[in-house]
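Protein chains in written order, with my numbering: chain A, 1 to 292; chain B, 1 to 279.
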Amino acid sequence: MQKKYRYVAWLMLIPVLLIRGFTSLYPVVLSFRNSLYNMSLLNRGKEQFIGLQNFVNMLSDTSLQQSFGFTVKFTVVSMIMHLILGIGLALLMNVKFKGRKILRTFSLLPWAMPTIVAGQLARFAFNDTYGLINDLIRRIIPDFSYNWLVWSGSAQSAVIITDLWKDIPYFAILVLSALQYINNDLYEAARIDGANAIKSFWHITMPGISNTLMSLMIFFTLWRMTNFDIIYAMTGGGPGNSTSLIAYRIYTAAFSSLNLGYASAIGVVLFLAMAVVIVGLTYAKKRLNLEE
Amino acid sequence: MNKRTTHIVSRIILWLCFFIVMALIVTPLYWMVISSLKDGTEALQSPIVWFGFDVTFDNYVKMIRDMRVDIMAWNTLVITFFALLISTVACTMASYAFARFMSTAMKIPYYFLLLSAMVPAIVAVRPLYDVFRNAKLINTFPGLIILYTSSLIPFSVLVLTNFCNAIPMGIDEAAGIDGASAPKIVFRIILPLLLPAISTISIVNFITCLNDFFTPLIFSEDIITLSLGIVSVPNLTGFYQPWELIATMGCIILLPITIFVFFSEKYIIDGLVTGSIKA
Chain A
1 MQKKYRYVAW LMLIPVLLIR GFTSLYPVVL SFRNSLYNMS LLNRGKEQFI GLQNFVNMLS
61 DTSLQQSFGF TVKFTVVSMI MHLILGIGLA LLMNVKFKGR KILRTFSLLP WAMPTIVAGQ
121 LARFAFNDTY GLINDLIRRI IPDFSYNWLV WSGSAQSAVI ITDLWKDIPY FAILVLSALQ
181 YINNDLYEAA RIDGANAIKS FWHITMPGIS NTLMSLMIFF TLWRMTNFDI IYAMTGGGPG
241 NSTSLIAYRI YTAAFSSLNL GYASAIGVVL FLAMAVVIVG LTYAKKRLNL EE
Chain B
1 MNKRTTHIVS RIILWLCFFI VMALIVTPLY WMVISSLKDG TEALQSPIVW FGFDVTFDNY
61 VKMIRDMRVD IMAWNTLVIT FFALLISTVA CTMASYAFAR FMSTAMKIPY YFLLLSAMVP
121 AIVAVRPLYD VFRNAKLINT FPGLIILYTS SLIPFSVLVL TNFCNAIPMG IDEAAGIDGA
181 SAPKIVFRII LPLLLPAIST ISIVNFITCL NDFFTPLIFS EDIITLSLGI VSVPNLTGFY
241 QPWELIATMG CIILLPITIF VFFSEKYIID GLVTGSIKA
């Protein structure tokens, strides 16, 4: 049966391969090609091979470098907070108490809602006069007034906070499932040996979830690097360029300023950066596994 | 400190953490809900009136009458329905093939599918847009359905292949001896066994479809989905940003999602966990 149906098996792959090939492989290959061409609006129809010129131009594009800078900052800060707060929340959800199930269900809400809705909500929440954040602050400091999204530093923080609100509960739920695989006897044994909570966290909990954490880190880091919706909804890249994540920058280059070759070149750099992150984190994951 | 006080203190800290987390999640959502139930001037009032305001459903009426939220919901449902249907059929077939006929050669398409999930939409979007425009697929249901289906494939193949691997080989061998053809084995025997897995991924995929904003933003102008609807609210009022209407749109989108989450929490968590951790 195996041999006879081998060709049928390949036939059954055709639909998914066609769809994915057509919508992901083909356009990415085209993007790599386009990155070597001058395809701006001005010379439409007579695109011209310019080698690596688009990449050279990126070196002198300070506002693009600002975008790369914020993308790195956004990704790194957000991931560190994901680890700290996400593990904390997961530990909380792992304690047997009455609130546990409610907590888990409510934690799914921010994940399940569209980023665009969370972003719009955040945009108004950070409003100076009627926003939720300042309203709560004014209950403690009566005359407080601050326009979060108008200043670059606070706008960047607002974007990161919104991202954390939306995604940490999701991260925590995934960490929780790893926590549940840890054998409780280990904690019991450690307690009898006189280990305190902090000690058993570092010697039992962390090794127990480190493998899952590394996998999650890969996914969550890549999602941070390509986040678009949150910027579209909250700031439109502003004030100035301060919150324009790289994905948003590619979008404006490809659909507003219509410099397709350049947009593709930025895309290629983002793609390579993601590949580096994947390889790096996968390597770290392997090393971590070997040590144990 | 004796044991009993330690216990009480730890319980107090536990519940304190619980209430802080709940407040952080619920407060913004509650603010959105009450804003949608207030009229324009009241929604922009500071300090915010949290309880005991005049409840009005005018915003909701306005959203249905002027924004045609009903049409948006219909568009979203049509796209989602077909994307779920096509992706489930195509992915079940592919996963069966991967699970039963895996070979060195077949590892190539398998890893291609999984790795293709890493391709950011933003890198692929512009060339894809041009291809779709030439094929006259921009702003059409078939075009959007292809794109939504495509975005569901990697996750679905991963989860379904895992589940197919767990189904004993003997089952299809016995059917093969009885003369059942390969498609028959997949659809009559394997598919029913996969139903729990299919319902799990369908729930997660359903939410993925509802939440997709980028695809309709680029590939559709007139077929407005719910996610796209929230950013087109300002079109209604000209230039200013009507918070109460945007909040209303947010609530309209959130309502089905909330119901969904509350009733299928277990399936969602199962789906998310198999999709990400076993990867």
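Built from N, CA and C at the ideal position, the CB exists for glycine as well.
Are the C-beta atoms of A/Tyr130 and some chain B residue less than 8 Å apart? yes
Would the beta-carbon of A/Thr115 fall within 8 Å of that of B/Asn205? Between A/Thr115 and B/Asn205, the gap from beta carbon to beta carbon reaches 8 Å or more.
Proximity test, Cβ basis, 8 Å: A/Ala284 and chain B: Not an interface residue.
Distance between B/Met72 and B/Ile86 (C-alpha atoms, nearest Å): Distance between the alpha carbons of B/Ile86 and B/Met72 is about 21 Å.
Quick one: does B/Tyr96 have its CB under 8 Å from some CB of chain A? Output row for B/Tyr96: interface = yes.
Take A/Ser244 and list the residues in its own chain whose beta-carbon comes closer than 6 Å to its own, dropping the five residues that flank it on each side. Ser67, Gly237
For B/Glu42, the nearest candidate out of B/Asn59, B/Val26, B/Leu29, B/Pro28 (CA to CA): B/Asn59
C-beta neighbour in chain B for A/Asn57, strict 8 Å: For A/Asn57, no Cβ of chain B is located within less than 8 Å of the residue's own Cβ.
Taking 8 Å as the threshold (C-beta atoms), are A/Gly267 and A/Asn54 in contact? no
Taking any Cβ of chain A, which residues in the segment 185-208 of chain B have a Cβ under 8 Å from it, in chain order? Val186, Ile207
What is the rounded straight-line gap between the Cα of B/Thr225 and the Cα of A/Asn183? Straight through space, the alpha carbons of A/Asn183 and B/Thr225 are spaced by roughly 46 Å.
Chain-order list of residues whose beta-carbon lies under 8 Å from that of A/Gln156 (same chain, five-residue window excluded): Phe70, Lys73, Phe74, Ser242, Thr243
Quick check on the burial criterion: 16 or more other C-beta atoms within 10 angstroms. Buried or exposed for B/Arg65? exposed
Can you tell me the Cα-Cα spacing of B/Tyr129 and B/Leu137, whole angstroms? Those two C-alpha atoms are separated by around 9 Å.
Own chain residues within Cβ distance below 6 Å of A/Met39, not counting five before or after: Glu47, Leu260, Gly261
How would you list, in chain order, the residues of chain A whose beta-carbon sits under 8 Å from the beta-carbon of B/Ile253? Met113, Pro114, Val117
Kindly list the residues whose CB is nearer than 7 Å to the CB of A/Ala265, restricted to its own chain and excluding five residues on each side of it in sequence; keep chain order. Ser35, Asn54, Phe55, Met58
Alpha carbon to alpha carbon, how far is A/Ile161 from B/Thr88? 36 Å
Mapping DSSP to helix, strand and coil, what is A/Gln48? strand
Could you work out which residue in A/Met217, A/Phe201, A/Ala122 is closest to A/Val159 when comparing CA atoms only? A/Ala122
What's the call for A/Met93, buried or exposed, on a 16-neighbour Cβ count within 10 Å? buried
Where B/Gly250 meets chain A, residues with beta-carbon distance less than 7 Å: Val117, Gln120, Leu121
Under a Cβ-count criterion, where at least 16 other Cβ atoms within 10 Å of its own Cβ denotes burial, should A/Phe126 be classed as buried or exposed? The residue in question, A/Phe126, is buried, as its Cβ has 16 or more Cβ neighbours within 10 Å.
Would you say A/Ile278 and B/Met118 are within 8 Å of each other, going by their C-beta atoms? yes
Cβ-Cβ separation, B/Asp172 to B/Ile189 (assumed contact under 8 Å), whole Å: The pair is a contact, with the Cβ atoms about 6 Å apart (cut-off 8 Å).
I'd like the span of the alpha helix (DSSP H) that includes A/Trp165, first residue to last. 152-179
Could you say which of B/Phe18, B/Leu44, B/Gly40, B/Trp50 lies nearest to B/Tyr30 if we only look at CA atoms? Nearest option by C-alpha distance: B/Trp50.
For A/Asn57, three-class secondary structure by DSSP: The DSSP-derived three-state label of A/Asn57 is helix.
Can you tell me whether B/Asn139 is helix, strand or coil according to DSSP? When DSSP states are grouped into helix, strand and coil, B/Asn139 belongs to the coil group.
Please list, in chain order, all residues of the same chain as B/Val69 whose beta carbon is under 7 Å from its beta carbon, the five residues on each side excluded. Met63, Gly229, Ile252
List, in order along the chain, the chain A residues whose C-beta lies closer than 9 Å to that of B/Asn211? Close partners of B/Asn211 in chain A (Cβ separation under 9 Å): Ala112, Met113, Pro114, Thr115, Ile116, Val117, Asp229.
Taking C-alpha atoms, which residue in B/Thr27, B/Ser220, B/Leu37 lies nearest to B/Phe132? Of the residues B/Thr27, B/Ser220, B/Leu37, the one whose Cα lies closest to the Cα of B/Phe132 is B/Ser220.
Any beta carbon from chain B within less than 8 Å of A/Tyr146's own beta carbon? no
Since A/Ser24 meets chain B, which of its residues come closer than 8 Å, beta carbon to beta carbon? Below the 8 Å Cβ cutoff, chain B contributes Ser116, Val119, Ala124, Ser150 as neighbours of A/Ser24, in chain order.
Is the beta carbon of A/Met234 less than 8 Å from the beta carbon of A/Gly119? yes
For A/Gln66, report the span of its alpha helix (DSSP H) as first-last. 62-94
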